[in-house]
Structure formats: structure tokens, C-alpha cells
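> Taking the working numbering, the leading residue of the sequence shown gets 1, the next gets one more, and so forth. A virtual CB, placed ideally from N, CA and C, is assigned to each residue, including glycine. Fair warning: this is a prediction, and the values are worked out from it, not measured in the lab.
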Amino acid sequence: MPSIDYQLAEYSDLFMLLAAFTYTVALLAFAWDLAKSSKTLQAVDRKAAAQAAPAKKVMATAGAPTGPADSNRQWDSSEAVTADDAMGYTGPRRNAARVAVALTALATLIHAAAVVARGLAAHRVPWGNMYEFCTTGALVVSVIFLLVLLRRDLRFLGTFVVGLVLIMMMAATIGFPTPVGHLIPALQSYWLIIHVSVAVIASALFTLTFAMSVLQLLQADREAKARAGAKERFGFLKIVPSAQSLENFSYRINAVAFVLWTFTLMAGAVWAEQAWGRYWGWDTKEVWTFVIWVVYAGYLHARATRGWTGTRAAWLSIVGYLCVVFNFTIVNVYFAGLHSYSGV
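1. Rounded to a whole number of angstroms, what is the C-alpha to C-alpha distance between R303 and R155?
2. So the alpha helix (DSSP H) R155 belongs to, where does it begin and stop?
3. Sorted by chain position, which residues of the same chain lie with C-beta nearer than 7 Å to W140's C-beta, five sequence neighbours on each side aside?
4. What's the C-alpha gap between A171 and E223?
5. Just to confirm my understanding: we take A26, look at its own chain, exclude 5 residues before and 5 after, and list those with CB closer than 7 Å. What are they?
6. So, for V348: in the same chain, excluding its five sequence neighbours on each side, which residues have a beta-carbon less than 7 Å away from its beta-carbon?
7. Between L34 and F328, which are expected to be in contact by the criterion C-beta below 8 Å, what is the C-beta distance as a whole number of angstroms?
8. For S213, I'd like the list of residues in its chain whose CB is within less than 7 Å of its CB, leaving aside the five on either flank, ordered along the chain.
9. Does Q274 pass the burial test, meaning 16 or more other C-beta atoms within 10 Å, or should it be called exposed?
10. If the criterion is Cβ atoms closer than 8 Å, does the pair G310 and F206 meet it?
11. Beta carbon of A267, beta carbon of V324: below 8 Å?
12. Which ranges does the alpha helix (DSSP H) cover as unbroken runs of at least 4 residues, wholly within the segment 299–334, from first to last along the chain?
13. Considering only the beta carbon of each residue, do Q216 and A257 sit closer than 8 Å?
14. Spatial neighbours of F145 within its chain, please: CB distance less than 6 Å, with the 5 preceding and 5 following residues excluded, ordered by chain position.
15. Could you give the residue range of the alpha helix (DSSP H) that holds H111?
16. Please classify F21 as buried or exposed, where buried requires at least 16 other C-beta atoms within 10 Å of its C-beta.
17. Considering only their Cβ atoms, is the gap separating L164 from A96 smaller than 8 Å?
18. DSSP three-state call for W75: helix, strand or coil?
19. The alpha helix (DSSP H) spanning D283 covers which residue range?
20. Measure the CB-CB distance between A138 and M169 and report whether it falls below 8 Å.
21. Rounded to whole angstroms, what is the Cα-Cα separation between G277 and A269?
22. Just the Cα atoms here: how many angstroms apart are D283 and T209?
23. When the Cα atoms are used, what is the spatial distance from P2 to N248?
24. So W261 and I239 are supposed to be a Cβ contact under 8 Å. How far apart are they, rounded?
25. Report the rounded CA-to-CA distance for F335 versus L166, giving the unit in angstroms.
26. Do A226 and A114 count as a contact pair if the criterion is CB distance below 8 Å?
27. Could you give the DSSP three-state label for A29: helix, strand or coil?
28. Pull up the CB-CB distance for Y296 and N254, whole angstroms please, since I reckon it's below 8 Å.
29. Could you give the DSSP three-state label for G63: helix, strand or coil?
30. Helix, strand or coil for H195, going by three-state DSSP, please let me know.
31. If you drop the 5 nearest sequence neighbours on each side, which residues of the same chain put their C-beta closer than 7 Å to that of R306?
32. Sorted by chain position, which residues of the same chain lie with C-beta nearer than 7 Å to P65's C-beta, five sequence neighbours on each side aside?
33. Less than 7 Å between C-beta atoms, sequence neighbours within five positions excluded: which residues of the same chain meet that for Q219?
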């Protein structure tokens, strides 16, 4: 068995810290973009309201109605500055967002160097314990986010996605610190590459849809208050697509992630048969992996056939992701079973 390259492992830790710092700066840039864009749109609304005031006064003097119809007209004006529902790159240039994306790309490259260095130091794939699964999962989240940005303007998600990436990296460093080492015999199988890598990708996609579902709930609340003529909160949501658009895009991503999770479940059963002589043994990890599958299957089925759209669909998606987090943290750490070899 090849020896561990501890110097390369130290470089991996250094790259991980540097990536976390760069992600933090990118997070601040994304937050600045949201705040700046929100103020700009609010100023546009105030200017439009000021220009409409004289006309409103004239109409009132002439005896024209100024009740609900006028309120509806103001809502349409507000909607005119809402983000493009097609999530295309439209509107004025947002320099802070461009800087944030560039910093996220740089952080992702450094992050990738850290993950690769750890794998080379151990002479194996870099997802053999909870620390490595978490850091590799955070990397995949960032990579998928950047790839989607090539086709869709999801910069409004940047603050939330990069924030989740940082949380995952902090959880790995603080909660699951594990020195570089060799795999235990139970994990020395080619199924580790297949089963866990697909699980990482599926979990990364679920992370993206979790962020979109949270935004969908906030956007739905803003839209309802705007229709009722109530004061809106969270002005940054005006650069976010409509709740319906967020739901539709989240649904498509969840459908892809569900297929990958189904493969994860099946591949895990095949690996279990090779390792323990049975496909299914109701181990705690197996049960919760199946629970996640059931929740997302229910989400897809309910939305497609039962008309569970809007906030109900968003909450189902959020519950599914909370099950993913529970499965990775609580089940791995506190429940005994055949999968209790995470190296925490």
C-alpha cells in the first residue's frame, strides 16, 4: 500500500483555507450586488410613483376612478422591474455580480486543487470519509452553479449558494476533521467511486433546489403582499424571477437529481450484496436513503399529477433536503450500523 504524502496533504489544507477565504469575498460581492440592485429598483419605483402622481391628481379632479384599478396599475409598474422569468441575461450590467462570479470561479479552482491534492496525497478518490464527502460535495455544488450560469442568469442565487458552500466547508473543518489516511477495507471497492460520486452530484443538485425553494417562498410572499397593496419586504427579490419560474426550474433540477438518487440507492444495494452478502438489511443509513427517495418521489408525483404547486411544492422540496442533511449528519454520527465507518 503506497505511503501517505503528508506534505501534499498540508498543501490541500492550505488550498482549502484559501478557497474558503475567496468564497467569503465572493459572498460579500454577491450580497453587495443584491443590496445595490434593490436600492436601484426602489429608486426607479419612487421615480415612477412621483411621475404618476400629477396624472393621478388630474384624473381625480376630472372624476376618473382612482380606486382598485389604479392600485392594479401600480402593481404592474412594480412588476416591470422584476427579473426576467426566462432567467436570461438582460438589463443593465451589474459589476458587483460580475466580480462575484469571477471570484466564485477562482475559489472553485482553488477548491478543486485542494480536493485533488488530498486525493493524490492518499492515492485514492477524495471522498472516503465525512470530511472529504462534505468538501467534495461543496465543490460539486459550486461547479454545477457555475455551469448553470453559462445558460441561465442565476446570479440572484449566488449569496445563498456560496453561503451554503461555506457552511459545508465549515462543517467539514470544524465538525468532521479527519487526517489524510488510507481507506478501511469496507470501502476499498470500485463501488466507492460509482456509488458515492453519484450521491455527491445528486446531493449538490438538491442543495441548489433547496436554495431556490427558499427563495420561491419569499418571492411568493412578496407577490401576495404586492397584489394586496401591502408594504413589501426584501426588496432584493425584485431581481429574482417570479415564484412560478423558480418552482418550474427547481422541479426540472429535482427530476434530474431524483434519477441520480435512484441510481445511488440501487448501486448501494449492489455494493451491499458484495460486501455483506445481502442487498437490503434495513440498516439505518439504508432506511434514510430510501426515505429521501420516497420524499422526492412524492414531491415529483404530487406536483405532476395532484397539482401540488406553489408553496406546497416548495415545502416538500425543502423537507426532502432536510432529510438529506439529517441522513448525512445525524445518521452518520449518532446511529450505529454497518455504515458507521465515516472516520469522524
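In brief:
1. 26 Å
2. That residue, R155, is in no alpha helix (DSSP H); it is neither H nor E in DSSP.
3. Inspection of the sequence shows that residue 140 is occupied by Val rather than by Trp. So the qualifying residues of the chain are V200, I201, A204.
4. 35 Å
5. A100, L103, T104, A107, V162
6. Residue 348 lies beyond the range of the chain shown here (1 to 344); nothing can be said about it.
7. The pair is not a contact, with the Cβ atoms about 29 Å apart (cut-off 8 Å).
8. S250, A314, S317, I318
9. exposed
10. no
11. no
12. 311–326
13. no
14. V161
15. 95–122
16. exposed
17. no
18. Confidence at W75 is low in this model, with a pLDDT of 38, below 50, so its placement is unreliable and the value that follows should be read with caution. Helix.
19. Looking at the DSSP string, D283 is not in any alpha helix (DSSP H), and its letter there is neither H nor E.
20. yes
21. 10 Å
22. 28 Å
23. 49 Å
24. In fact, because the Cβ distance is near 31 Å, the residues do not count as touching under 8 Å.
25. 26 Å
26. no
27. helix
28. 6 Å
29. Residue placement at G63 cannot be trusted, given a pLDDT of 49 that sits under 50; what the coordinates show is reported in the next sentence. It is coil, neither helix nor strand.
30. helix
31. none
32. Residue placement at P65 is poorly supported in this model, since its pLDDT is 48, which falls under 50; the coordinates are not used for a value here.
33. L237, V240, S242, A243, L246
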